[in-house]
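Numbering (this note's numbering), first residue to last: 50 to 255.
Heads up, the beta-carbon is just placed ideally off N, CA and C, and yes, glycines get one too.
Fair warning: this is a prediction, and the values are worked out from it, not measured in the lab.
Below is one structure, written out as C-alpha cells; the observations come after it.
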C-alpha cells in the first residue's frame with residue numbers, strides 16, 4: 050500500500066464523525082480485507098511521524114488522524130471496531146484492545162531502531178573525518194569547528210545523493226515503502242564500502 054505524510058480531511062469541521070465513518074467501513078468489510086486494514090492501521094499509528102494511505106487504504110486516514118491526536122483513546126477505538134464487527138456477524142476478533150499494546154511495542158522498536166541509526170550515522174561521519182585527516186599533513190588536520198564543518202558537509206552530500214536515488218526510483222514507479230527502505234539500506238551499504246576503499250588508499254599512501 051502506498052503511503053503519504055499528508056492527509057487533508059474532507060470533513061475538517063467534524064473529524065470525529067469522519068473517523069466514525071471509517072469505523073463503519075471496517076465493521077462491514079470481509080475478514081480478509083479487515084486483516085489487511087487492521088495491519089495497515091497499526092503500522093501507521095506506530096510510525097514515529099504521521100503516515101497516511103493512498104488508494105484503497107485511504108479509508109483509514111480520518112481514523113488514523115484522530116487516533117494519532119488522541120492516543121489515550123486507542124483502546125476504546127479498537128474496542129468499538131471489534132464490537133461493531135461482532136454486530137455485523139464477524140466474531141473472528143480481527144480487531145481487539147490488544148492492538149493498542151502492539152502500537153506501543155512498535156513505537157518502542159522504532160525508537161530503538163532510530164537510536165541505532167543515529168549512532169551509526171555519527172560513527173560514519175566521524176570515520177569520514179578520520180580518513181580525511183589520514184590524508185592530510187599533520188599541520189592541516191581537521192580539529193574543533195573545522196572537523197565539525199567537514200562532517201556536516203559530508204553528511205549533506207550523502208543526504209543529497211540518497212534523496213536523488215530515492216527520487217529516481219519513485220520516478221520509475223517504485224512507491225512501496227519496503228522497497229524504498231531497502232534502497233536506502235543499500236545506499237548506506239554503498240557509502241560504507243566507499244569509506245572502506247578510501248581508508249585503504251589513505252593507509253597505503255602513508
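1. CB residue 97 to CB residue 168, shorter than 9 Å?
2. Around the C-beta of residue 162, are 16 or more other C-beta atoms found within 10 angstroms, so that it is buried, or is it exposed?
3. How about residue 159 and residue 144: are their beta carbons less than 9 Å apart?
4. Locate the alpha helix (DSSP H) running through residue 98, then write down its first and last residues.
5. Would residue 70 pass as a contact of residue 120 if the rule is Cβ separation under 9 Å?
6. Looking at C-alpha atoms only, which residue of 185, 127, 191, 196 is the closest neighbour of residue 254?
7. Grab the span of the alpha helix (DSSP H) containing residue 144 for me, first residue to last.
8. Tell me the start and end of each unbroken alpha helix (DSSP H) in the region 106-137 that is at least 4 residues and wholly inside, in chain order.
9. In chain order, what residues of the same chain lie with their CB nearer than 6 Å to the CB of residue 238, ignoring the 5 residues before and after it?
10. Give the straight-line distance between the Cα atoms of residue 195 and residue 204, rounded to the nearest whole angstrom.
11. Within 10 angstroms of the Cβ of residue 192, are there 16 or more other Cβ atoms? Answer buried if so, exposed if not.
12. Between which two residues does the alpha helix (DSSP H) holding residue 66 run?
13. Residue range of the alpha helix (DSSP H) that residue 209 falls in?
14. Among 249, 140, 67, which one has its Cα closest to the Cα of residue 83?
15. Taking 6 Å as the limit between beta carbons, can you name the residues of its chain near residue 146, skipping five residues before and five after?
16. So, under 8 Å CB-CB, residue 175 and residue 200 are touching, yes? Tell me the CB distance rounded to an integer number of Å.
17. Exposed or buried, which one is residue 154 when buried takes at least 16 other CB atoms within 10 Å?
18. Give the secondary structure of residue 161 by DSSP, where H, G and I count as helix, E and B as strand, and everything else as coil.
Looking at the atomic coordinates:
1. no
2. Of the other Cβ atoms in all chains shown, fewer than 16 fall within 10 Å of the Cβ of residue 162; this residue is therefore exposed.
3. Their beta carbons are not under 9 Å apart, which means residue 159 does not touch residue 144 by this criterion.
4. Note, residue 98: premise wrong, no alpha helix (DSSP H); not H, not E.
5. no
6. 185
7. It is not in any alpha helix (DSSP H) - residue 144 carries neither H nor E in the DSSP assignment.
8. 110-118, 123-136
9. Contacts found: none.
10. Roughly 14 Å between the two C-alpha positions.
11. With fewer than 16 other CB atoms across the displayed protein chains lying within 10 angstroms of its CB, residue 192 is exposed.
12. 64-77
13. Residues 193-220.
14. 140
15. 124, 127, 128
16. With a Cβ gap of about 7 Å, residue 175 and residue 200 count as contacting.
17. Per the 10 Å Cβ criterion, exposed.
18. helix
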